[in-house]
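Heads up, the sequence shown stops at 528 in our numbering, and the numbers go up one at a time, no gaps.
Using N, Cα and C, we set each Cβ at its ideal position, and we do this for glycine too.
Bear in mind that the values here come from a model prediction, so they are computed numbers and not experimental data.
First comes the structure, then the notes that go with it.
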Amino acid sequence: MAISKRKFLLHVLGIAIFLLIPVVLSPTPRGLPMFNMTGPVIRDLLSGVLMIVFFYANYYLLAPKLLLDRKYLIYGLLIIVSFTTIALLPSLLTGHIPWESPRSPPNGPDLMKPDNSNFILSISHNILLFLSVVSFSIYLRIQERLFKVEKTKNEMEILSLKEQINPHFLFNTLNNIYGQAIEDNSQRTASSILKLSEMLRHVVHDAQCQWVSITKELAYMENYIQLQRQRLGESVELTYLTKGFFSESLKIAPLILIPFIENAFKHGVNPDEESLIKINISVNGNELTLLVENTKTNVRLQAHEISGTGMKITMDRLRMLYPGKHELNVEDTSTHYTVNLKLELHD
């Protein structure tokens, strides 16, 4: 299982603090230097090492393969064996037998019999610490499993959203070319078909990945805008500007921006009214900004366009793919509709 450098350093720091606690808190007899490695300190250090070994064994092996698979009897037996080892082995290795009492002074009480209270006292701190280690490792393992389940669920939802959104755009684009083929000459129609072919290639191949290069996504949007420009001609004032360095290494979720652009053409174009569409895309470092503005015109929409499915899908994808990494502001007035989207691109 791969582990990041930062995570590895956090583990090392946590282990160091865990092992140093008994050394720092252990009382030092008068006349001896601090951090003196007495028998009890060495015993506690050995217990700490065994606790750490058990923590990782429980996290990576016992909890996922036994506890979470409901093999409770085997898991319980291994927990008992582990605790017994942690409680007794360090004492035995340092020459201390927990269930034996110290020698009694002359004429003192008979301490040759095993003193159970002394044994319980000597391992009481181990009981609490062991229970904490068991609980924490199980908690982390359950949290990781829940995270993986949620991640898989989100990935399936995103896949479903992508499958819904692709036909939506292609349907509208084909409608545009159909209208153009009726009105225009063959040369412009051929150019439109070529652009549609490039868009199809992006949808079928590139957009199936979780992330695509910003340059490929930009080319897809430019083809869409050019198809609309050819269809509309001079009937709408269309401005499209890009700014910044669009590096091939910067990645974006496929088809995440195009719904805002399509929405502008859907609601902002009417040959009988003054129509204006502005599209600005800029990149500053790894932050992308999309600004889309259109005048609101009286247009007659088809049933599938009125539903707003495309925008809802896009909002859901933004929420799942860019949690805390995007900012969307929409200004909706009686005459204009403006979208300002900022999101963090992947390196």
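Mind checking which residues open and close the beta strand (DSSP E) that includes residue i?
{"i": "T470", "result": "E468 to T476"}
{"i": "K459", "result": "L457 to N465"}
Alpha carbon to alpha carbon, how far is residue i from residue j?
{"i": "R224", "j": "L200", "result": "11 Å"}
{"i": "I406", "j": "K332", "result": "34 Å"}
{"i": "S456", "j": "E525", "result": "31 Å"}
{"i": "A445", "j": "L321", "result": "47 Å"}
{"i": "F189", "j": "G195", "result": "10 Å"}
{"i": "T516", "j": "D453", "result": "15 Å"}
{"i": "S394", "j": "I462", "result": "15 Å"}
{"i": "L381", "j": "M402", "result": "12 Å"}
{"i": "L469", "j": "R251", "result": "48 Å"}
{"i": "K397", "j": "K329", "result": "30 Å"}
{"i": "I308", "j": "E325", "result": "26 Å"}
{"i": "S428", "j": "G414", "result": "31 Å"}
{"i": "S378", "j": "M492", "result": "24 Å"}
{"i": "R410", "j": "K447", "result": "13 Å"}
{"i": "Y168", "j": "K376", "result": "Because the chain in this structure spans residues 182 to 528, residue 168 falls outside the shown range and cannot be described."}
{"i": "A268", "j": "L259", "result": "14 Å"}
{"i": "P245", "j": "S313", "result": "18 Å"}
{"i": "D296", "j": "G257", "result": "Confidence at D296 is low in this model, with a pLDDT of 45, below 50, so its placement is unreliable and the value that follows should be read with caution. Distance between the alpha carbons of D296 and G257: 27 Å."}
{"i": "E275", "j": "I198", "result": "Residue identity check: residue 275 is Thr in the sequence provided, not Glu. Taking the straight line joining both Cα atoms gives about 22 Å."}
Quick check on this structure: which residue in the options has the alpha carbon closest to the alpha carbon of residue i?
{"i": "V450", "options": "I442, P440, T478 and S263", "result": "T478"}
{"i": "E508", "options": "R500, S515 and T514", "result": "R500"}
{"i": "L239", "options": "L227, T476 and I261", "result": "It should be noted that the sequence gives Asn, not Leu, for residue 239. Closest by alpha carbon: I261."}
{"i": "V473", "options": "I442, N467 and E454", "result": "I442"}
{"i": "F264", "options": "L254, L191, L231 and T423", "result": "L231"}
{"i": "V464", "options": "E415, H383 and L522", "result": "L522"}
{"i": "A434", "options": "S372, Y503, S416 and L258", "result": "Y503"}
{"i": "V417", "options": "L377, V384, T476 and G466", "result": "T476"}
{"i": "P440", "options": "L422, K186, S318 and I494", "result": "I494"}
{"i": "Y237", "options": "G276, T275 and F311", "result": "F311"}
Hey, quick one: how far does the alpha helix (DSSP H) through residue i stretch, first residue to last?
{"i": "G449", "result": "I439 to G449"}
Please look up how many angstroms separate the CB atoms of residue i and residue j, rounded, as I've assumed it's under 8 Å.
{"i": "L438", "j": "L471", "result": "5 Å"}
{"i": "P271", "j": "S316", "result": "Contact doesn't hold; Cβ gap of about 21 Å is too wide."}
Start-end ranges of the alpha helix (DSSP H) lying completely within the region 385 to 436, minimum 4 residues:
395 to 413
Could you tell me which whole alpha helix (DSSP H) segments of length 4 or greater appear in the region 489 to 526?
490 to 502
Output the residue ranges of the alpha helix (DSSP H) runs that lie fully inside the region 214 to 272 and measure 4 residues or longer, sorted by chain position.
220 to 238
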